[in-house]
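Quick note on numbering: the sequence shown equals residues 1 to 113 in full-length UniProt numbering.
Every residue, glycine too, gets a C-beta built ideally from N, C-alpha and C.
Model, not experiment: these values are computed from the prediction.
Shown next, in C-alpha coordinates, is the structure this report addresses.
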Amino acid sequence: MEYLYKVLGIKATVQRAEFDHLPNYIAVRYRLQKVSMDGQKVIFLYPKTELEQIKDLKAQLKSTGDAILAECAVKDHIWGIGLSMKDPDRLDVKKWHGTNLLGYALMIVRERV
(Lines of atoms letter the chains of each structure in order from A; the text may use other names.)
(Lines give C-alpha, C1' and ligand atoms only; values in the text may rest on other atoms or scores of the structure.)
Protein backbone atom coordinates (compact mmCIF):
# COMPACT_ATOMS: atom_id res chain seq x y z
CA MET A 1 0.00 0.00 0.00
CA GLU A 2 2.95 2.26 0.53
CA TYR A 3 3.85 1.60 -3.12
CA LEU A 4 0.43 2.85 -4.25
CA TYR A 5 0.91 6.05 -2.28
CA LYS A 6 4.40 6.70 -3.67
CA VAL A 7 3.54 5.93 -7.29
CA LEU A 8 -0.09 7.01 -7.66
CA GLY A 9 -0.66 9.20 -4.64
CA ILE A 10 -3.43 6.89 -3.43
CA LYS A 11 -3.76 6.36 0.30
CA ALA A 12 -5.15 2.84 0.54
CA THR A 13 -6.71 1.55 3.71
CA VAL A 14 -8.10 -1.84 4.58
CA GLN A 15 -11.56 -1.88 6.07
CA ARG A 16 -13.42 -4.94 7.19
CA ALA A 17 -17.00 -4.85 5.97
CA GLU A 18 -19.77 -7.09 7.19
CA PHE A 19 -22.08 -8.38 4.48
CA ASP A 20 -23.80 -11.14 6.47
CA HIS A 21 -26.97 -9.08 6.93
CA LEU A 22 -27.34 -8.48 3.17
CA PRO A 23 -28.77 -10.90 0.61
CA ASN A 24 -25.96 -12.64 -1.26
CA TYR A 25 -26.54 -10.94 -4.62
CA ILE A 26 -26.32 -7.46 -3.06
CA ALA A 27 -23.12 -8.30 -1.17
CA VAL A 28 -21.46 -9.66 -4.32
CA ARG A 29 -22.54 -6.66 -6.36
CA TYR A 30 -21.12 -4.28 -3.76
CA ARG A 31 -17.79 -6.11 -3.76
CA LEU A 32 -17.61 -5.97 -7.57
CA GLN A 33 -18.39 -2.26 -7.61
CA LYS A 34 -15.76 -1.63 -4.95
CA VAL A 35 -13.18 -3.55 -6.99
CA SER A 36 -14.07 -1.71 -10.17
CA MET A 37 -13.96 1.71 -8.50
CA ASP A 38 -10.89 1.24 -6.31
CA GLY A 39 -9.07 -1.22 -8.52
CA GLN A 40 -9.06 0.80 -11.73
CA LYS A 41 -6.01 2.90 -10.82
CA VAL A 42 -4.19 -0.13 -9.46
CA ILE A 43 -4.68 -2.28 -12.54
CA PHE A 44 -3.87 0.68 -14.77
CA LEU A 45 -0.37 1.02 -13.28
CA TYR A 46 1.03 -2.37 -14.31
CA PRO A 47 0.13 -2.42 -18.03
CA LYS A 48 1.26 1.18 -18.52
CA THR A 49 4.65 0.51 -16.93
CA GLU A 50 5.16 -2.65 -18.98
CA LEU A 51 4.13 -1.02 -22.25
CA GLU A 52 6.42 1.94 -21.77
CA GLN A 53 9.34 -0.47 -21.50
CA ILE A 54 8.45 -2.89 -24.31
CA LYS A 55 8.11 -1.22 -27.72
CA ASP A 56 6.57 -4.25 -29.46
CA LEU A 57 3.71 -4.48 -26.96
CA LYS A 58 3.13 -0.75 -27.18
CA ALA A 59 2.94 -0.94 -30.99
CA GLN A 60 0.58 -3.91 -30.83
CA LEU A 61 -1.73 -2.12 -28.41
CA LYS A 62 -1.70 1.05 -30.53
CA SER A 63 -2.57 -1.03 -33.61
CA THR A 64 -5.93 -1.92 -32.05
CA GLY A 65 -7.09 1.63 -32.79
CA ASP A 66 -10.43 2.42 -31.16
CA ALA A 67 -11.49 -1.21 -30.75
CA ILE A 68 -13.09 -2.30 -27.48
CA LEU A 69 -10.63 -4.65 -25.78
CA ALA A 70 -11.94 -7.54 -23.70
CA GLU A 71 -10.48 -10.39 -21.68
CA CYS A 72 -12.42 -13.49 -22.76
CA ALA A 73 -12.31 -15.68 -19.67
CA VAL A 74 -15.29 -17.85 -18.79
CA LYS A 75 -14.54 -18.08 -15.06
CA ASP A 76 -13.26 -14.54 -14.57
CA HIS A 77 -16.06 -12.05 -14.00
CA ILE A 78 -13.86 -9.29 -12.61
CA TRP A 79 -10.87 -9.04 -14.95
CA GLY A 80 -12.73 -10.55 -17.90
CA ILE A 81 -16.15 -10.64 -19.51
CA GLY A 82 -17.20 -14.08 -18.28
CA LEU A 83 -17.47 -15.48 -21.82
CA SER A 84 -15.16 -17.63 -23.94
CA MET A 85 -13.55 -16.72 -27.26
CA LYS A 86 -15.90 -19.22 -28.95
CA ASP A 87 -19.07 -17.64 -27.56
CA PRO A 88 -20.77 -15.41 -30.17
CA ASP A 89 -22.11 -13.18 -27.35
CA ARG A 90 -18.55 -11.95 -26.71
CA LEU A 91 -19.06 -9.38 -29.47
CA ASP A 92 -22.08 -7.81 -27.74
CA VAL A 93 -21.10 -5.72 -24.71
CA LYS A 94 -24.66 -5.90 -23.35
CA LYS A 95 -24.36 -9.70 -23.04
CA TRP A 96 -21.12 -9.72 -21.04
CA HIS A 97 -21.27 -11.36 -17.62
CA GLY A 98 -18.14 -9.73 -16.20
CA THR A 99 -16.75 -6.25 -15.55
CA ASN A 100 -13.79 -6.53 -17.99
CA LEU A 101 -11.43 -4.50 -15.81
CA LEU A 102 -8.38 -5.68 -17.75
CA GLY A 103 -9.87 -4.63 -21.07
CA TYR A 104 -10.84 -1.19 -19.78
CA ALA A 105 -7.43 -0.69 -18.17
CA LEU A 106 -5.70 -1.54 -21.45
CA MET A 107 -7.93 0.91 -23.33
CA ILE A 108 -6.96 3.66 -20.88
CA VAL A 109 -3.30 2.75 -21.29
CA ARG A 110 -3.70 2.80 -25.08
CA GLU A 111 -4.89 6.42 -24.91
CA ARG A 112 -1.98 7.51 -22.72
CA VAL A 113 1.07 5.78 -24.21
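Residue i in three-state terms, based on DSSP
i: E111; result: helix
i: A59; result: helix
i: K94; result: helix
i: L69; result: coil
i: D89; result: helix
i: G103; result: helix
i: I81; result: coil
CB-CB length for residue i against residue j, believed under 8 Å
i: L102; j: G80; result: 7 Å
i: V74; j: G82; result: 7 Å
i: V93; j: I68; result: 7 Å
Spatial distance of residue i from residue j (CA atoms)
i: D89; j: K55; result: 32 Å
i: S84; j: M107; result: 20 Å
i: A59; j: I78; result: 26 Å
i: R112; j: G98; result: 25 Å
i: S36; j: D87; result: A caution first: S36 carries a pLDDT of 48, below 50, which makes its placement in the model too unreliable to give a value.
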